[in-house]
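J.: Quick one: the structure is below, questions incoming.
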Amino acid sequence: MALTSIKRRAAAVSVAGAAALALGAGGVAPAEASAPADVSVQKNCPSGALCVQLRNTSTGKYTWKDLYYCKNWYISGKWVPTRYINNQTSGTKGKFKNHDRKTILTTKAPYADEKVKRTIGVRTWYIKPC
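Per numbering that gives the first Met the number 0, residue 0 is the first one in the sequence shown, and the count goes up by one each step.
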């Protein structure tokens, strides 16, 4: 009887895990969960944009911002960049900057789809797509 109980719990956990993965695929994940592994399937970054995935530090929810204009975009303190897709014109690289507007990360050239290291993400205050 104890073995049957364990099997039922394992099945319930498996179903709950599948449901959590399905929610994560929609862009919503629990605060402790990591970003989805293959975001390129989930996000089509428009031509000419630097697309940045941001995680809300209060809620754990993810959102995407498409940055086009060549200016310093302020990232509110509650948002942390976790991934970027550079779909700008050939050779154009974006810059992640700290509070002093010093570059702490330069993106790879198009078409790059990369994770942002947590240590860089938490220090990012501005993003300049060019």
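By construction, the Cβ of each residue, glycine as well, lies at the ideal position given by its N, Cα and C atoms.
Under DSSP, the alpha helix (DSSP H) around Thr62 begins and ends at which residues?
T.: As a position in the sequence shown, residue 62 is number 63, starting the count at 1. Element bounds for Thr62: not the alpha helix (DSSP H) but the beta strand (DSSP E), 61-66.
J.: Identify every residue that forms a DSSP beta bridge with Asn86.
T.: Position 87 of the sequence shown holds residue 86. DSSP lists Ala48 as partners of Asn86.
J.: Once DSSP output is grouped into helix, strand and coil, what is the label at Arg122?
T.: As a position in the sequence shown, residue 122 is number 123, starting the count at 1. Coil.
J.: Can you give me the C-alpha to C-alpha distance between Lys64 and Ile84, rounded to a whole angstrom?
T.: Start at 1 with the first residue of the sequence shown, and residue 64 comes out as number 65. Start at 1 with the first residue of the sequence shown, and residue 84 comes out as number 85. Rounded to the nearest angstrom, the gap between the Cα atoms of Lys64 and Ile84 is 10 Å.
J.: On the criterion of 16 or more Cβ atoms from any shown chain inside 10 Å, does Pro45 qualify as buried, or is it exposed?
T.: By one-based count along the sequence shown, residue 45 stands at place 46. Exposed.
J.: Flag this pair as touching only if the region 47-56 and the region 75-90 have three or more C-beta atom pairs under 8 Å; answer yes or no.
T.: yes
J.: Which word fits Asp37, buried or exposed, when buried means at least 16 other C-beta atoms lie within 10 angstroms of its C-beta?
T.: Translated into positions along the sequence shown, residue 37 becomes position 38. Per-residue confidence for Asp37 stands at a pLDDT of 45, beneath the threshold of 50, marking its modelled position as unreliable; no derived number is given.
J.: Helix, strand or coil: how does DSSP classify Arg100 here?
T.: Mapped onto the sequence shown, residue 100 falls at position 101. Coil.
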